[in-house]
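**Q**
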Amino acid sequence: MSAPVLPRVVVVGSFMQDLAFYARNFPRPGETVMGEFRPGPGGKGFNQAVAAARAGAATHFVGAVGRDAFGHGAKKFANGVGLRTTFVEKPKHATGTAVITISEDGQNHIVIAPGANLALHKQDVPLDPFRSAHVVVCQGESDYRTVAHVLKTARKTGAVTVLNPAPMRPEFDCALLRHTEVLIPNESEFIALARLHPGCAALLRSAPYRDHGEFNESALHALKADALHRLCRCLQVPIVILTLGARGCFVSQPDAYLRMNAHPVEVVDTTGAGDAFVGGFAAGLVKFKRNVVEAANFANAVAALAVMQPGTADAMPNTREIARFMRERAHAVR
Ligand code: RIB
């Protein structure tokens, strides 16, 4: 009998049953539109874990579900993709659910009911998977006290801690960033973080960071790379990777920064694109021995492949697909 493969990536976070509706346009308030229904496994934590596992990293997911059909489905799906799991059953709670509408151009609106996910407490999190972990990942669909505990534990074991602050909730505590080595927000999360973080306040009062008196999306878009890097540094996290949707990502390290373009692809569904990036990045950190730029480049390919498929967890590409895509794109730029 061969020894079990030890997990290198540990993701502690949410599982949601996604109830996705594909329609031509988003309904306006008061309007009913016809669409196609596609349920599937999701939740930011689970999507990231599946992305990392399919991208080739031995991955362990820790999450909470209710004692219901959606929880059973989660376990079955995880087994099928070779993802190791600790699903803590919370009989008093329902498995988390998400209602998602996706328009013809692949954009989405999401409402979540986190259910059991917010009942995952620090004492529910097993320590064993952390012993071999190189990378530990958390997001914002969990209780922030559990997130803080996981990040602190991971730091003690020497793993790289990755925080994807999605979704940003009003009670976000900037103290979480003290235990974070890689922060991966999208644009709206980055804006909210910068406005919240006391270390950014002075900089945000200066000219390039203001549009109509505040730091908003247009101010962010107008920033030159060195100004954006300066703002990233104010968050006091060693590495900040700002994901920019179709415009790629911005990688800010203590002494260097770079912009990475997204791969132009035919977009079917952008739901879970950020999760594909985060999971791909975690797998990339393992594959490329903690090289951040190589890992971000790998993550960029994982995200591009994911948006070409409908669904979230089920849209994550496997190692063969990623390798082929990266080979083809490398040829295309020569
Ligand atoms: O990031 C996409 C995910 O957000 C969906 O799978 C949904 O469950 C919500 O958590």
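Each residue of the sequence shown is one higher than the one before, starting from 1339 at the first, in our numbering. For each residue, glycine too, the CB sits at the ideal point set by N, CA and C.
Spatial neighbours of T1657 within its chain, please: C-beta separation below 6 Å, excluding the five flanking residues on both sides.
**A** For T1657, where only same-chain residues beyond five positions count, the Cβ hits under 6 Å are G1394.
**Q** When you compare the CB positions of Q1355 and T1435, do they come within less than 7 Å of one another, or not?
**A** Closer than 7 Å, so yes.
**Q** For L1421, collect the residues of the same chain with a Cβ closer than 7 Å to its Cβ; drop the 5 residues on either side in sequence, then sort them by chain order.
**A** Taken in chain order, the residues that qualify are A1387, V1388, A1391, T1397, F1399.
**Q** Measure the alpha-carbon distance for A1454 versus F1408 and round it to whole angstroms.
**A** Rounded to whole angstroms, A1454 to F1408 spans 11 Å at the Cα level.
**Q** Looking at I1522 and the ligand FAD, is the gap between the Cβ and the nearest heavy atom below 6 Å?
**A** Among the ligands in the structure shown, the ligand FAD does not appear; only the ligand RIB can be found there.
**Q** Please name the residue in I1577, T1439, R1585 whose C-alpha comes closest to that of L1515.
**A** Ranking the options by Cα distance to L1515, first place goes to I1577.
**Q** So the alpha helix (DSSP H) V1475 belongs to, where does it begin and stop?
**A** Note, V1475: premise wrong, no alpha helix (DSSP H); beta strand (DSSP E) at 1473-1477.
**Q** Straight-line CA distance for H1410 to P1342?
**A** Distance between the alpha carbons of H1410 and P1342: 24 Å.
**Q** Alpha carbon to alpha carbon, what distance is there between A1402 and T1608?
**A** Whole-angstrom Cα-Cα distance: 25 Å.
**Q** Can you tell me the Cα-Cα spacing of A1653 and G1351, whole angstroms?
**A** The alpha-carbon atoms of A1653 and G1351 are separated by roughly 19 Å.
**Q** Sort T1484, I1450, E1442 by Cα distance to A1457 and report the nearest one.
**A** Of T1484, I1450, E1442, the residue nearest in Cα terms is T1484.
**Q** Following a CB-centred definition, is G1373 positioned closer than 6 Å to any heavy atom of the ligand RIB?
**A** Checking the Cβ of G1373 against the ligand RIB gives no.
**Q** Where do the ends of the beta strand (DSSP E) carrying R1376 lie?
**A** Segment 1373-1380, the beta strand (DSSP E) holding R1376.
**Q** Taking all protein chains shown into account, decide if A1594 is buried (16 or more other Cβ within 10 angstroms of its Cβ) or exposed.
**A** A1594 comes out exposed.
**Q** Ordered along the chain, which non-local residues of its own chain (more than five positions away) have a Cβ less than 6 Å from that of A1584?
**A** Excluding sequence neighbours, A1584 sits near A1600.
**Q** Identify the continuous beta strand (DSSP E) that holds F1468 and give its terminal residues.
**A** Looking at the DSSP string, F1468 is not in any beta strand (DSSP E), and its letter there is neither H nor E.
**Q** Using 10 angstroms around the beta-carbon of N1502, count the other beta-carbons present and answer buried if the total reaches 16, otherwise exposed.
**A** Result: buried.
**Q** Hey, does T1433 have any beta-carbon neighbour from chain B nearer than 7 Å?
**A** The structure shown contains no chain B; it is built from a single protein chain.
**Q** Just list the alpha helix (DSSP H) runs in the stretch 1553-1635, keeping only unbroken ones of 4 residues or longer that don't cross its boundaries, in chain order.
**A** Segments of the alpha helix (DSSP H) lying fully in the stretch 1553-1635: 1555-1560, 1563-1572, 1611-1625.
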